[in-house]
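Each remark here refers to the structure printed beneath this line.
Residue numbers (full-length UniProt numbering): 1 to 661.
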């Protein structure tokens, strides 16, 4: 069907999502109710077949009477341009078959939870007189939340619709087929119980109980072979759980659960402590006279096994089972009493003859024959057991053994080995391949990647990949995640392991913090994870007070969370004040004539003096030291001049000091 086509102007086809023998299934969108739906469309090669069209309509009619959370809802039925379709609830998930393949082995409590939902759904169908007849994991959907829904009641038989012609054709899938269906009989409620038992077997072990090279050989095993023990593949299964499977898959429907409700109750209580170690279910052996088993139909339930049944014709000419009348039984007992003397004489004569033969002939006949052990390697275990028994051997045990060259589930060898000549009746051990040797994975999160790789390589893992990620909490080299789960059993050389490994915190490129104030620095510290520290503040001619004038490390440096950054804030422009310089001037006494004084004059030019006239005049008769004070304005110079007897003795200019004195 073309994508984008609208059926009845309402259902827009999006994509094909599945198909079966009768129909294809498409994902579509209901344009009116704005929801995704599944549309089952009858295959074109059946569109002109009236029988198939009737069967197709019957699916919708049967299923629309069912309203249960574990049964797929039917929304609409239609026909357009010879295209017959059913609109159903869309389940976003996968089939139970896919779920088993991806998750096997499934935990016992998870498997039982799925089975509770299945039995609840089938119970609802049976209460509405509908038998599914084709229960298998392919017809069971499981959504992303673990909710199970049964679909495809397309071959269901509505018990109330007596006008439907019943054929002898086997419609169910052969792996899940009940013995009565396999022999061409009518399916009933207990046929669904048998199929549920096979599905339960597969859920718990990940494999089917019966396999073979053809559908016929599998059907024959359903008829002839007992259901294998689940413990052979999963020894941890409690006996109470295995008993449910053994009872549900009993060959004789009489020994199965009477109703699905009984099976569901057993499932609900299977893990209660008092039930875990109950005795193994064994089909009762009837020691009474051989009984003629009537054809089983839903309106003709099994009669008591205490009755001897024969076939008699009813007035309409149909054969019906009836109980023998009691008087007839008493007559037979009288006849038996008359036969006792004859029987005793016969037994006596037989013993005499047997004694003679035991002395003369039997010793040679009783000696076991020499038989060669057949080669059953590469065969299914069930087929190998059958061949060995047919050859005159007994099978003692089946033992698992890893073998890289033999497919899992097939026979690797026997003990005694193939070709060896041994006595007929010898016990044989079968070694079943568990495939290549498997390794149970651990949880490697939190461990060092290099250490884990060394360990796994020593276990023969060849493909180990690493995806690196930054992580603020785990140091570099620590494993953060793994693609396979703890407890997974894998073949090392066939398995790809992928680890997500920490490379430590993400690097942080340091910003240029010049011009930031303290509030901006605090916000940057919180957002980046860096730690800001403050150095000693400095004056700056251009940067206002309180802003960053420099930092260490420099902008653009890559850091990690928690590392330190030192910044220096501006104190603003430095305010300069006039400074006073204290100067001592040494003047030697040099008179023009002995005894005459020297006249000393000191002229000062500074902030307070203009230098136009002497600020100090003194007559000296000896060497003297005269102190003076110069007041110097910022950015200015001061000077002084010393005159002795009118002559310049010393003249000097003093700049504004750079450092505080």
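Quick reminder that beta carbons are idealized off the backbone N, C-alpha and C, glycines included. None of the values given here were measured: they were computed from a predicted structure.
Return the bridge partner residues of residue i from the DSSP annotation.
i: residue 401; result: 433
i: residue 19; result: 24
i: residue 681; result: Only positions 1 to 661 of the chain appear in the structure, and residue 681 is not among them; the question remains open.
i: residue 658; result: Paired residues: none, contrary to the question.
i: residue 483; result: Answer is none; residue 483 lacks a bridge partner.
i: residue 6; result: 12
i: residue 76; result: 87
i: residue 127; result: Residue 127 pairs with nothing; no bridge assigned.
i: residue 463; result: 496
What residues in its chain sit with their C-beta under 7 Å from that of residue i, if we drop five residues either side in the sequence?
i: residue 360; result: Caution applies to residue 360, whose pLDDT of 49 falls short of 50 and renders its modelled position unreliable; the value that the coordinates give is listed next. Result list for residue 360: empty, nothing under 7 Å.
i: residue 589; result: 598, 620, 621, 622 and 623
i: residue 519; result: none
i: residue 438; result: 489, 490 and 491
i: residue 486; result: 441, 442 and 443
i: residue 652; result: 639 and 640
i: residue 647; result: none
Could you tell me the alpha carbon to alpha carbon distance between residue i and residue j, rounded to whole angstroms?
i: residue 490; j: residue 98; result: 19 Å
i: residue 248; j: residue 275; result: 17 Å
i: residue 250; j: residue 212; result: 20 Å
i: residue 243; j: residue 201; result: 11 Å
i: residue 372; j: residue 429; result: 15 Å
i: residue 210; j: residue 432; result: 16 Å
i: residue 241; j: residue 267; result: 7 Å
i: residue 195; j: residue 176; result: 5 Å
i: residue 234; j: residue 205; result: 6 Å
i: residue 581; j: residue 628; result: 8 Å
i: residue 379; j: residue 239; result: 29 Å
i: residue 90; j: residue 465; result: 38 Å
i: residue 214; j: residue 220; result: 10 Å
i: residue 605; j: residue 574; result: 26 Å
i: residue 78; j: residue 278; result: 53 Å
i: residue 50; j: residue 57; result: 11 Å
i: residue 419; j: residue 376; result: 10 Å
i: residue 405; j: residue 453; result: 27 Å
i: residue 514; j: residue 547; result: 7 Å
I'd like to know whether the C-beta atoms of residue i and residue j end up nearer to each other than 7 Å.
i: residue 132; j: residue 179; result: no
i: residue 505; j: residue 560; result: yes
i: residue 601; j: residue 630; result: no
i: residue 483; j: residue 498; result: yes
i: residue 130; j: residue 192; result: no
i: residue 549; j: residue 532; result: no
i: residue 542; j: residue 571; result: no
i: residue 401; j: residue 412; result: yes
i: residue 32; j: residue 10; result: yes
i: residue 508; j: residue 528; result: yes
i: residue 434; j: residue 396; result: no
i: residue 576; j: residue 655; result: no
Would DSSP call residue i helix, strand or coil?
i: residue 85; result: strand
i: residue 255; result: helix
i: residue 649; result: strand
i: residue 132; result: coil
i: residue 558; result: strand
i: residue 386; result: helix
i: residue 194; result: helix
i: residue 666; result: Given that the chain is displayed from residue 1 to residue 661, the structure contains no residue 666 and the question cannot be resolved.
i: residue 121; result: helix
i: residue 145; result: coil
i: residue 218; result: helix
i: residue 609; result: coil
i: residue 323; result: Confidence is the limiting factor: at residue 323 the pLDDT is only 39, short of 50, which leaves the residue's position unreliable, though a coordinate-based value still follows. In this structure, residue 323 counts as strand in the three-state DSSP scheme.
i: residue 596; result: coil
i: residue 187; result: coil
i: residue 182; result: helix
i: residue 64; result: helix
i: residue 548; result: strand
i: residue 201; result: helix
i: residue 415; result: strand
Using C-beta distances below 6 Å, list every residue in its chain close to residue i, excluding the 5 sequence neighbours before and after it, in chain order.
i: residue 13; result: 1, 3, 5, 26 and 28
i: residue 203; result: 106 and 111
i: residue 327; result: Unreliable positioning characterises residue 327 in this predicted model, as indicated by a pLDDT of 44, which lies under 50. A coordinate reading is not provided.
i: residue 283; result: 250 and 255
i: residue 197; result: 245, 248 and 249
Does any residue of chain C bring its CB to less than 7 Å from the CB of residue i?
i: residue 440; result: Looking for chain C here will not work: only one protein chain is present.
With a CB to CB cut of under 8 Å and the five nearest residues on each side skipped, what residues in its chain are close to residue i?
i: residue 230; result: 201, 204, 205, 237, 241, 242 and 245
i: residue 126; result: 189, 192, 259 and 260
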